[in-house]
Amino acid sequence: MLSLRSVLLPYWFSKEKWGAWGLLLFLVGLLVIQTILKVVFIVYGGELTSALAAQDSERFWQSVGIFLGILVVGIPFASFSGYVREKLGLFWRNWLTHRYLDQYLSGIRFYQLRLYSVLDNPDQRIEEDIRVLSQESLRFFAIFLESGLQLIGFAGVLWNISKPLMAVLLVYSAVGSAIALFGFGRPLIGINAEQLKREADFRFDLARIRENTEAIALYRGEAREFSRSWQQFQQVLKNFSRLIRWQLGLNLFQNHYRYATFIIPGIILAPRVLAGNLEIGDVTQAGVAFNLMLQALALVVLQLQPLTNLGASVQRLTQLEQACREDRRVGTTLQSPREEPTKIQVQSGESLAISNLTLTTPDADKTLIRDLSLTLPVGKSLLIVGPSGAGKSSLLRAIAGLWQTGSGMITRPDSTAFLPQRPYLPPGTLRQQLSYPDLERPIEDAQLNKLIDELGLGHLLNMSTPMMASSQTEPAPEPDPRISSKLSLGEKQRLAFVRVYLKSVSCLILDEATSALDLDNEAKLYQSLKQSGITIISVGHRPSLRQYHDYELTLRTNGRWEHAQLR
Ligand code: ADP
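By this note's numbering, the letter at position 359 of the sequence shown is numbered 359, and the numbering carries on one by one without gaps.
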């Protein structure tokens, strides 16, 4: 029910609903005409056989003429309905992808889904499962509609020829559908969903190797990576073996079911033909009608495999929808539902102030900071130090609003920027890098060149890569996804500072953001930050950092802390 409401239906009630319903109606029209022509075609097939058996040449050539006429009219309808269906599928996919991408990338949901391990492979769900859903459900809609129409078309034909055959057909299809649905359907949906997950895990593992090529190569970790990926792949195969075992069972059942139908009409109608009460063409007609009606009535039996694939995709999209909707404000809800969890409040204000902050890890396993209160006046600077694992970066995450597990209140200026140790460089030109996360915005050449020169990054301007695209006149070159791997960590860290200078920031939070710089460059950067009156909070180990800060917060293990004034 939830799948229907939250995954399958929303498009049909969205802003695009008129276009969608219009196209769907058009598709229905094409399918109706196509099916009527098919029914007529089969009826005349029987007529053709009967004419031959009766050695009636006029009746035969008349049937051939009608036959050819139907072919000429019918083929364009049959071809066009496929096109319209695919086109509608494309619009639906477009709408769904926008909706899910938007949900996934709104707020910090993508971060929280990963942090709390709520959901596996959201990327695959957005790419593959939406594609399967939009294409396959329309294909099934067309098949079900065609089958329903065929059922109506042929019911009359079969009823006229033999009522007992009709009764056999109904019982046979009902029994077959029940066995398929309950015996094979349920387990196959689960196995298909598991297969999708394992395939995605395997792909993710290979992508992880691609992302970390240098580190793996330096460690000479190929053998280890091979063994891990191979194990992942074995998991894929293991489930796949299970899947094909079930498919074998299903195929055995389907084939018995299908082949029995060739003989059933013959056996039931034979006595009447032998007694001379029925023309041979009627038997052909009845046979074809019986089979087509059975295909319609027992659609679930015959299409079970693709139906369970679709079911698995719908299930995975429903989970994504649920995960995006749920308020994951506090991770502890997942681990300890007994206690009503509290949440760290973050609000904006003039200066940075922390009051009664208690911070735990997202799994609520460890209390990193207990009851911390401090205020940092505007334009002043604070250095956070402490042993590794004490919670320094976690405190910054809490200030950024990423970690909310714990209690207390954090006030921070609106224009606060964060500089992580490893700056993120998305694919794009230098201007696009520097504008991130905003879209490319015009930056004066002179201003840009000055900043870049000051930070000793002049050589980037001459790089042969399309990093530097003129902002207004030339068309933007293709983004170069390798930029990230062409710069050293120190260069990336300096680029991240250019980003800060290009924005008006009143508070800057640095998590070992100068760790890869030489002392001279570090000094230059801190001095210029201080001159511009920015409030600074740094996390760092280097003793050289102390001289640029007014206060020091030392985090100890077990949540203890000390706060001191340095000057
Ligand atoms: P540091 O003081 O070195 O910056 P961190 O703030 O990064 O330390 O980490 C503090 C502690 O939180 C560490 O013990 C780390 O293992 C733990 N931690 C980090 N990330 C997570 C997470 N996603 N879930 C649970 N614990 C985490």
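A virtual CB, placed ideally from N, CA and C, is assigned to each residue, including glycine.
Just so you know, these numbers come straight off a predicted model, no measurement behind them.
Enclosing beta strand (DSSP E) for residue i [first to last residue]
| i | result |
| --- | --- |
| SER355 | 352-360 |
| ALA523 | Taken as a continuous stretch (DSSP letters only), ALA523 belongs to no beta strand (DSSP E), being part of the alpha helix (DSSP H) at 519-531. |
| VAL539 | 535-539 |
| LEU425 | Premise fails: LEU425 is in no beta strand (DSSP E) and is neither H nor E. |
Segment limits, alpha helix (DSSP H) that includes residue i
| i | result |
| --- | --- |
| GLY190 | 186-211 |
| GLY22 | 17-53 |
| PHE13 | Taken as a continuous stretch (DSSP letters only), PHE13 belongs to no alpha helix (DSSP H), as it is neither H nor E. |
| THR629 | Outside the displayed range of the chain (1 to 567) lies residue 629, so it cannot be described from this structure. |
| LEU383 | Looking at the DSSP string, LEU383 is not in any alpha helix (DSSP H); the run it does join, the beta strand (DSSP E), is 381-385. |
| GLY221 | Neither: GLY221 is in no alpha helix (DSSP H) and is coded neither H nor E. |
| GLN404 | From DSSP, GLN404 is part of no alpha helix (DSSP H); its letter is neither H nor E. |
| GLU127 | Looking at the DSSP string, GLU127 is not in any alpha helix (DSSP H), and its letter there is neither H nor E. |
| VAL498 | 489-502 |
| ARG397 | 392-400 |
Distance cut-off 7 Å: residue i Cβ against heavy atoms of the ligand ADP
| i | result |
| --- | --- |
| PRO362 | yes |
| SER388 | yes |
| GLY391 | yes |
| SER394 | yes |
| LYS366 | yes |
| LEU115 | yes |
Proximal residues to residue i (C-beta, below 8 Å), its chain only, five neighbours per side dropped
| i | result |
| --- | --- |
| ARG338 | Unreliable positioning characterises ARG338 in this predicted model, as indicated by a pLDDT of 46, which lies under 50. The coordinate reading is nonetheless provided below. Within the same chain, ARG338 has no close Cβ partners at all. |
| ARG546 | LEU383, GLU552 and LEU566 |
Residue i in three-state terms, based on DSSP
| i | result |
| --- | --- |
| SER366 | The sequence given here places Lys at residue 366; Ser does not occur at that position. Three-state result, LYS366: coil. |
| TYR436 | coil |
| THR411 | strand |
| ALA564 | strand |
| TYR551 | strand |
| LYS343 | strand |
| GLY176 | helix |
| LEU278 | coil |
| LEU376 | strand |
| ILE75 | helix |
| SER117 | coil |
| THR416 | strand |
| LEU105 | coil |
| ASP580 | Residue 580 falls outside the range modelled here, since the chain spans only 1 to 567, and no answer is possible. |
| SER348 | strand |
| ASP56 | coil |
| THR557 | coil |
| GLY89 | helix |
Residues near residue i by beta carbon distance below 7 Å, same chain, minus five either side
| i | result |
| --- | --- |
| ASP119 | In the sequence on display, residue 119 carries Leu and not Asp. Correct list, in chain order: LEU113, GLN319, LEU320 and ALA323. |
| SER484 | LEU425 |
| SER173 | LEU294, LEU297 and ALA298 |
| GLN421 | ASP511, GLU512, ALA513 and SER515 |
| ILE596 | Nothing about residue 596 can be read from this structure; the chain reaches only from 1 to 567. |
| PHE26 | VAL84 |
| VAL378 | GLU350, SER351 and THR535 |
| ALA400 | PHE418 |
Distance, residue j Cα to residue i Cα
| i | j | result |
| --- | --- | --- |
| GLU478 | LYS87 | Its pLDDT being 47, under 50, GLU478 is placed unreliably by the model, and the measurement read from it follows with that caveat. Each residue's alpha carbon lies about 29 Å from the other. |
| GLY190 | ALA312 | 7 Å |
| GLY331 | ARG224 | A caution first: GLY331 carries a pLDDT of 39, below 50, which makes its placement in the model unreliable, though a value can still be read off. Using only the alpha carbons, I get a separation of about 33 Å. |
| VAL73 | VAL32 | 14 Å |
| ARG556 | SER538 | 17 Å |
| ASP282 | ARG59 | 15 Å |
| ASP518 | ALA215 | 23 Å |
| LEU133 | LEU310 | 6 Å |
| SER57 | THR49 | 11 Å |
| THR535 | LEU372 | 19 Å |
| PHE204 | SER147 | 40 Å |
| ILE344 | ASP363 | 15 Å |
| VAL28 | TRP246 | 34 Å |
| LEU250 | ALA155 | 28 Å |
| THR333 | LEU359 | The predicted position of THR333 is uncertain, since its pLDDT is 38 and thus under 50; no value can be drawn from it. |
| ALA142 | SER229 | 40 Å |
Cβ-based neighbour list, residue i, same chain, cut-off 6 Å, excluding 5 preceding and 5 following
| i | result |
| --- | --- |
| LEU68 | none |
| ASP129 | SER313, ARG316 and LEU317 |
| THR411 | GLN347, GLY349 and ALA353 |
| SER415 | VAL505 and SER506 |
| GLN472 | Note that GLN472 scores 45 on pLDDT, short of 50, meaning its location in the model is unreliable and no value can be drawn from it. |
| PHE41 | ILE70 |
| SER381 | ILE536, HIS549 and ASP550 |
Any non-hydrogen atom of the ligand SAH closer than 7 Å to residue i Cβ
| i | result |
| --- | --- |
| LEU181 | Summarising the ligand content, the structure contains the ligand ADP and does not contain the ligand SAH. |
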